[in-house]
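Enquirer:
Protein chains in written order, with my numbering: chain E, 1 to 120; chain C, 121 to 240.
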């Protein structure tokens with residue numbers, strides 16, 4: 001599932017919600033996820049205050065994917081304070097400045113592939 | 121991972137790509153996925169012709185989520201011919217007309233929850 005900005009449609013982050021997290025989101029209108037690594041409920045902004053106020057929830061055709069359409073409070077959805085967690089392309093080039101450098105390093109790929117992708 | 125429309129940013133579908141699908145996407149600039157249910161490579165539009173021409177690939181902060189930024193060929197990304205697979209909200213209300221009715225039925229939820237979500 002993903003969270004998208006209600007005003008711009010920008011994809012802010014990808015996460016996972018189990019049934020309990022999904023129902024808590026619907027009941028509170030603030031986004032709740034389930035951390036598959038820590039295996040626990042995770043409410044966005046619980047410590048930072050950067051909650052996601054949920055304005056709509058969209059479901060896909062086969063009912064197994066969800067979009068939380070949200071108002072993101074604070075600077076952004078990302079722990080780097082970027083607006084979106086998707087602030088760079090597959091070559092690692094930044095699409096958006098970040099204020100915190102602790103994102104993972106990407107493998108970079110061959111230039112010809114990049115040129116093919118980036119040259120319409 | 122998700123596919124998003126390059127012109128509008130609209131989220132078209134959610135899917136999964138293994139490493140081979142991801143690399144084939146980069147090499148061909150057409151979106152390839154991996155079907156977790158059928159456990160096989162799946163090239164979008166291989167039979168329908170409704171391919172996704174990939175214009176960019178975005179990676180999230182921790183490197184485990186991907187956005188294919190695409191030009192969707194044909195009527196849409198969804199097997200229902202909807203532009204997006206996310207054509208309805210969590211109450212099952214249609215956000216976009218579809219031409220094929222074979223999407224799964226959703227459980228609907230309590231009205232008070234809906235009212236809270238839908239009334240800013």
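Glycine included, each C-beta is placed from N, C-alpha and C at the ideal position.
Helix, strand or coil: how does DSSP classify residue 153 (chain C) here?
Expert: Indexing the second chain from 1 puts residue 153 (chain C) at position 33. In the structure shown, residue 153 (chain C) sits in a strand (DSSP, three-state: E or B).
Enquirer: Just to confirm before moving on: does the CB-CB distance between residue 121 (chain C) and residue 204 (chain C) stay below 9 Å?
Expert: Numbered from 1 along the second chain, position 1 holds the residue referred to as residue 121 (chain C). Numbered from 1 along the second chain, position 84 holds the residue referred to as residue 204 (chain C). No, Cβ-Cβ distance for residue 121 (chain C) and residue 204 (chain C) is not below 9 Å.
Enquirer: By DSSP, does residue 211 (chain C) sit in helix, in strand, or in coil?
Expert: Against the second chain, residue 211 (chain C) aligns to sequence position 91. Residue 211 (chain C) falls in the coil class under three-state DSSP.
Enquirer: When you compare the CB positions of residue 193 (chain C) and residue 169 (chain C), do they come within less than 9 Å of one another, or not?
Expert: In the second chain, residue 193 (chain C) corresponds to position 73, counting from 1. In the second chain, residue 169 (chain C) corresponds to position 49, counting from 1. Yes, the pair counts as a contact, with Cβ atoms nearer than the cut-off.
Enquirer: Secondary structure at residue 73 (chain E), three-state DSSP: helix, strand or coil?
Expert: Position 73 of the first chain, counted from the first residue, corresponds to residue 73 (chain E). In this structure, residue 73 (chain E) counts as coil in the three-state DSSP scheme.
Enquirer: Spatial neighbours of residue 42 (chain E) within its chain, please: C-beta separation below 6 Å, excluding the five flanking residues on both sides.
Expert: Numbered from 1 along the first chain, position 42 holds the residue referred to as residue 42 (chain E). Cβ within range, chain order: 33 and 35.
Enquirer: Within 9 Å of any Cβ in chain E, is that where the Cβ of residue 208 (chain C) sits?
Expert: Numbered from 1 along the second chain, position 88 holds the residue referred to as residue 208 (chain C). Yes, residue 208 (chain C) lies at the interface with chain E (some Cβ there is under 9 Å from its Cβ).
Enquirer: Got a sec: which bits of the region 168-199 of chain C sit with their beta carbon under 7 Å from any beta carbon on chain E, in order along the chain?
Expert: The residues in question are 174, 175, 176, 177, 178, 179, 180, 181, 182, 183, 185, 187, 198 and 199.
Enquirer: Let me confirm a value: residue 209 (chain C) is counted as buried when at least 16 other C-beta atoms fall within 10 Å, else exposed. Which label applies?
Expert: In the second chain, counting from the first residue as 1, residue 209 (chain C) sits at position 89. When all chains shown are included, residue 209 (chain C) counts as buried.
Enquirer: Does any C-beta atom of chain C lie closer than 9 Å to the C-beta of residue 2 (chain E)?
Expert: By 1-based counting over the first chain, the position of residue 2 (chain E) is 2. Yes, contact with chain C.
Enquirer: Does DSSP put residue 147 (chain C) in a helix, a strand or coil?
Expert: Sequence index remark: in the second chain, residue 147 (chain C) carries index 27 (1-based). Helix at residue 147 (chain C).
Enquirer: Beta strand (DSSP E) containing residue 163 (chain C): first to last residue?
Expert: Here the question's residue 163 (chain C) lines up with position 43 in the second chain. From DSSP, the beta strand (DSSP E) with residue 163 (chain C) extends over 160-163.
Enquirer: Would the beta-carbon of residue 52 (chain E) fall within 9 Å of that of residue 24 (chain E)?
Expert: Within the first chain, the letter at position 52 stands for residue 52 (chain E). Within the first chain, the letter at position 24 stands for residue 24 (chain E). Not a contact, by the Cβ cut-off of 9 Å.
Enquirer: Give me the subset of the region 7-18 of chain E whose CB atoms are less than 8 Å from a CB atom of chain C, sorted by chain position.
Expert: Residues 8, 9, 10, 11, 13 and 14.
Enquirer: Got a sec, what are the start and stop residues for the beta strand (DSSP E) residue 121 (chain C) sits in?
Expert: Here residue 121 (chain C) corresponds to residue number 1 of the second chain, with the count starting at 1. Neither: residue 121 (chain C) is in no beta strand (DSSP E) and is coded neither H nor E.
Enquirer: For residue 44 (chain E) and residue 125 (chain C), what's the separation of their Cα atoms in angstroms?
Expert: The count along the first chain starts at 1 and reaches residue 44 (chain E) at position 44. The count along the second chain starts at 1 and reaches residue 125 (chain C) at position 5. Looking at the two C-alpha atoms, the distance is approximately 26 Å.
Enquirer: So, does the CB of residue 31 (chain E) fall closer than 9 Å to a CB anywhere in chain C?
Expert: For this step, residue 31 (chain E) is matched to residue 31 along the first chain. No, because no Cβ of chain C sits closer than 9 Å to the Cβ of residue 31 (chain E).
Enquirer: Check the Cβ-Cβ distances between residue 219 (chain C) and every residue of chain E, and say whether any is below 9 Å.
Expert: Against the second chain, residue 219 (chain C) aligns to sequence position 99. Because residue 219 (chain C) sits at a pLDDT of 48, beneath the cut-off of 50, its placement in the model cannot be relied upon, and the following sentence gives the value as read from the coordinates. No, no contact with chain E.
Enquirer: How many angstroms separate the CA atom of residue 122 (chain E) from the CA atom of residue 26 (chain E)?
Expert: Because chain E here runs from 1 to 120, residue 122 (chain E) falls outside it and cannot be looked at.
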